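The block underneath contains the structure these notes are about, expressed in structure tokens.
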Amino acid sequence: FPHNIVLDTDGLLKLYWNYNDTHITFEMHGQTTGWVGIGLSPNGGMIDADIYIGWVKEGTAYITDRHGQDSNTYPPKDPEQNVEFLAGYECDGWTVIKFVRQLPACEADYDRPITGDTIKMIWAFGANDPAGDDVVGPDDYHQTNRGTKSVILIDIPTGDDTLFPEGEAHHTLDLMVDNLHLPTVATYYNCHLFEIPTDKKYHLVMAEPILHPGNEQHLHHLTVYFCSGLGATEHLGVNKECYSANMPDDYATCSQVVVGWAIGGGPVIFPKHTGLVFGDGSSAKYVMLEIHYDNPTVKPDIIDSSGLRLTYTPDLRHYDSGTLLVAQLTSGRRHILPPHANSFLTTATCTSPCLTAGMNTTGTNKLNVFGIMLHGHLAAQGIELKHLRDNVELPPLAKDASYDFNYQETRMFSTEKNINAGDDLQVICNYQTRDKSKITLGGLTTTQEMCEAFIYYYPKITTSYCLTSPLMTSVLEYFGIEETE
Numbered sequence: 001f002p003h004n005i006v007l008d009t010d011g012l013l014k015l016y017w018n019y020n021d022t023h024i025t026f027e028m029h030g031q032t033t034g035w036v037g038i039g040l041s042p043n044g045g046m047i048d049a050d051i052y053i054g055w056v057k058e059g060t061a062y063i064t065d066r067h068g069q070d071s072n073t074y075p076p077k078d079p080e081q082n083v084e085f086l087a088g089y090e091c092d093g094w095t096v097i098k099f100v101r102q103l104p105a106c107e108a109d110y111d112r113p114i115t116g117d118t119i120k121m122i123w124a125f126g127a128n129d130p131a132g133d134d135v136v137g138p139d140d141y142h143q144t145n146r147g148t149k150s151v152i153l154i155d156i157p158t159g160d161d162t163l164f165p166e167g168e169a170h171h172t173l174d175l176m177v178d179n180l181h182l183p184t185v186a187t188y189y190n191c192h193l194f195e196i197p198t199d200k201k202y203h204l205v206m207a208e209p210i211l212h213p214g215n216e217q218h219l220h221h222l223t224v225y226f227c228s229g230l231g232a233t234e235h236l237g238v239n240k241e242c243y244s245a246n247m248p249d250d251y252a253t254c255s256q257v258v259v260g261w262a263i264g265g266g267p268v269i270f271p272k273h274t275g276l277v278f279g280d281g282s283s284a285k286y287v288m289l290e291i292h293y294d295n296p297t298v299k300p301d302i303i304d305s306s307g308l309r310l311t312y313t314p315d316l317r318h319y320d321s322g323t324l325l326v327a328q329l330t331s332g333r334r335h336i337l338p339p340h341a342n343s344f345l346t347t348a349t350c351t352s353p354c355l356t357a358g359m360n361t362t363g364t365n366k367l368n369v370f371g372i373m374l375h376g377h378l379a380a381q382g383i384e385l386k387h388l389r390d391n392v393e394l395p396p397l398a399k400d401a402s403y404d405f406n407y408q409e410t411r412m413f414s415t416e417k418n419i420n421a422g423d424d425l426q427v428i429c430n431y432q433t434r435d436k437s438k439i440t441l442g443g444l445t446t447t448q449e450m451c452e453a454f455i456y457y458y459p460k461i462t463t464s465y466c467l468t469s470p471l472m473t474s475v476l477e478y479f480g481i482e483e484t485e
């Protein structure tokens, strides 16, 4: 299986999967001789979840298709069992269940479709097999052996060494923390600056995770940023908490995403005809590695040495790839969200004149898009990158209707998408501020907001940013503000 995730904090329940154009195959591994289960939830709870529970009893394996009703009732079977059992067994105290289902929903009332959106995966397991023919709610169901994990099941990159051109030379650069002693808190963001080679021009061609054995369940995501314009720094090689009052000013220069990875994803591999430029001629001498650690049980004394391995080549490929940021300008009062909103939309537009100007200077009329990373902060619940041509809306370049800040992934496309000269792009962000009593402003911290899409494309053009900002006069007029300090 090319994809896997550890669902619980102790490594007792693991999920493996693969998919094609029509179906997805799952394999659950649970350290129990009872039942194991996963579910696709709209909000991380039982209600309206599409649930699959399996077990092995007296040498025979079972899988059942079920649906959640409420948090206190064991999920009943669906009227239709839209799941195909493939294999199952018990071995050394572990239960393994393998099954396949369609990507679309078969029953509108009980099944949930599997798309490229972030999915709230609920999970649970029990110590005992059912006494009869079906599980109806074992005694240990309401203990601690259940939870929720965000995951992207499809449209995520997979490793394939054959994508490297034959004879291409490679070097690696490990961006890793070294025996980092994590504070005993539920959530922690660690930032670390690294120096990158600048002696000549290179192409970055792959980024792959290096995870500390046993810590996989504590790693939510890892992101690497270029630190453009940063000169000498005393913070090189030092671990600091990101987004905190004590965060060094140097970190503010690290805003251009190089690559991002999240649990469940594989290596990020660039198409074999293009690579991301760094080295000679690049404005960045340093990169910053951001690691988001998750420790919901506040486990003490976690020591971590995880990171990302960057593979790069001096054998320059045919195309220089670039990154294009389409975003709402992150500048306080220019990005304002109201409180108590179930849904509030903001739009950032990259107009055709701005985009075409960058193409004209490099003599191209088409960008080939091979990957996109959508980015917002804690209030963001959905992000979409719209694509318009000749006033006609085309299929979105990227969409995540269930965006989760704690689970970000670079989406690498198996088929490239084209942006032509004259096209317009729009990033639509959907925010939920129901529990906030004050306005939320744009900014770099997680309590502030962003609305961004990072586009990976080739050939590289001179435009790196395409930002939207409302006129301050319009903002002040809307809120009835006549004087400012």
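The sequence shown begins at 1 in full-length UniProt numbering and counts up by one. In this text, a Cβ means the ideal position worked out from N, Cα and C, and glycines have one as well. Keep in mind that this is a model prediction, so the values were computed, not measured.
| Which value, in whole angstroms, describes the spacing of the CA atoms of K460 and M359? | Here the alpha carbon of K460 sits roughly 9 Å from the alpha carbon of M359.
| query | Along the chain, where does the alpha helix (DSSP H) that runs through L355 open and close? | reply | 352-362 is the extent of the alpha helix (DSSP H) around L355.
| Quick one: what does DSSP say M472 is sitting in, helix, strand or coil? | Residue state, collapsed to three classes: helix.
| Got a sec, what are the start and stop residues for the beta strand (DSSP E) F99 sits in? | Going by DSSP, F99 is part of the beta strand (DSSP E) stretching over 94-102.
| Since T440 is in the beta strand (DSSP E), which residue starts that stretch and which ends it? | Counted as a single uninterrupted DSSP element, the beta strand (DSSP E) harbouring T440 occupies residues 440-442.
| task | Counting only the same chain and skipping the five closest in sequence on each side, list residues whose C-beta sits under 6 Å from that of I154. | result | The residues are Y19, G116.
| message | Pull the bridge partners of P209 from the DSSP assignment, please. | response | BP columns for P209 point to L308.
| task | Compute the distance between the beta-carbons of K399 and G279, then report whether it is under 8 Å. | result | Cβ distance not < 8 Å, so K399 and G279 don't count as in contact.
| field | Beta-carbon proximity of W123 to K98, cut-off 8 Å | value | Contact flag unset, no.
| task | Tell me whether Y407 sits in a helix, a strand or coil according to DSSP, three-state version. | result | Y407 falls in the coil class under three-state DSSP.
| query | What number of angstroms, rounded off, separates the C-alpha of G382 from the C-alpha of S305? | reply | Rounded to the nearest angstrom, the two C-alpha atoms are 32 Å apart.
| query | Out of curiosity, what's the CA-to-CA distance linking H142 and L7? | reply | The pLDDT assigned to H142 is 46, lower than 50, so where the model puts this residue is not dependable; a value taken from the coordinates is nonetheless given after this. Distance between the alpha carbons of H142 and L7: 17 Å.
| query | What do you get for M450, buried or exposed, if any count of 16 or more other CB atoms within 10 angstroms of its CB means buried? | reply | M450 should be labelled buried.
| field | D92 versus W35: straight-line alpha-carbon distance, rounded | value | W35 has its alpha-carbon roughly 15 Å from the corresponding atom of D92.
| said: M121 and H192 - do their beta-carbons sit closer together than 8 Å? | reply: No, Cβ-Cβ distance for H192 and M121 is not below 8 Å.
| request: Leaving out five residues on either side along the sequence, give the residues of the same chain with a beta carbon under 7 Å from the beta carbon of Q217. | output: For Q217, the CB contacts under 7 Å within the same chain, skipping 5 residues up- and downstream, are V6, D8, T9, G11 in chain order.
| Nearest candidate by alpha-carbon position, reference H273, set P300, L425, D320 | Looking at the Cα atoms, D320 is the closest of the given residues.
| said: Could you pull the DSSP bridge partners for A327 from this structure? | reply: Under DSSP, A327 takes part in a beta bridge, and its partners are E452, L467.
| Whole beta strand (DSSP E) runs in the UniProt domain "DOMON" (11-126) with 3 or more residues, listed along the chain? | Counting only runs of 3 or more, we get 13-19, 23-30, 35-41, 50-57, 60-67, 84-91, 94-102, 119-125.
| said: I'd like to confirm the pairing. Which residues does DSSP put opposite A380 in its beta bridges? | reply: Note: A380 sits in a beta bridge opposite Y431.
| How big is the Cα-Cα spacing for I419 and N365? | Straight through space, the alpha carbons of N365 and I419 are spaced by roughly 9 Å.
| query | S150 lies in the beta strand (DSSP E); which residues open and close that run? | reply | 146-151 is the extent of the beta strand (DSSP E) around S150.
| field | Rounded distance between the beta-carbons of C429 and L324, thought under 8 Å | value | Not really, about 17 Å apart at Cβ, beyond 8 Å.
| task | Could you name the residues that DSSP lists as bridge partners for A348? | result | Bridge partners of A348: V427.
| Opening and closing residue of the beta strand (DSSP E) in which N239 lies | Counting along the chain, the unbroken beta strand (DSSP E) around N239 starts and ends at 239-241.
| query | For the candidate residues E234, D174, D129, T440, whose alpha-carbon lies nearest to that of G59? | reply | Among E234, D174, D129, T440, the Cα nearest to that of G59 is on D129.
| query | Helix or strand or just coil, what does DSSP make of residue 574? | reply | Because residue 574 is not part of the residues shown, which for the chain are 1 to 485, the question remains open.
| H142 by DSSP, collapsed to three states: which one? | With a pLDDT of 46 at H142, under the threshold of 50, the modelled position of this residue cannot be trusted; read the value that follows with caution. Coil at H142, not helix or strand.
| message | Suppose contacts are defined by Cβ-Cβ distances below 8 Å. Is Y110 in contact with D134 by that definition? | response | Y110 is not a Cβ neighbour of D134, given a cutoff of 8 Å.
| task | Could you work out which residue in T297, N368, T463, T440 is closest to R146 when comparing CA atoms only? | result | For R146, the closest C-alpha among the options T297, N368, T463, T440 is that of T297.
| request: Could you tell me the distance, in whole angstroms, from the CA atom of F164 to the CA atom of G275? | output: Distance between the alpha carbons of F164 and G275 is about 11 Å.
| field | Where V392 falls, given that 16 or more other Cβ within 10 Å makes a residue buried | value | It counts as exposed.
| Going by Cα to Cα distance, which pick from Y62, G37, H67, R112 is closest to I47? | The shortest Cα separation from I47 among Y62, G37, H67, R112 belongs to H67.
| request: Closer than 6 Å by C-beta to E384: which residues in its own chain qualify, once you throw out the five before and the five after it? Chain order, please. | output: Closer than 6 Å at Cβ, skipping near neighbours: P396, K399, I428.
| Nearest-angstrom beta carbon gap, I24 and V136 [assumed within contact, 8 Å] | About 27 Å separates the two Cβ atoms, so there is no contact after all.
| What three-state label does DSSP hand D129 in the structure shown? | Note: D129 maps to coil in three-state DSSP.
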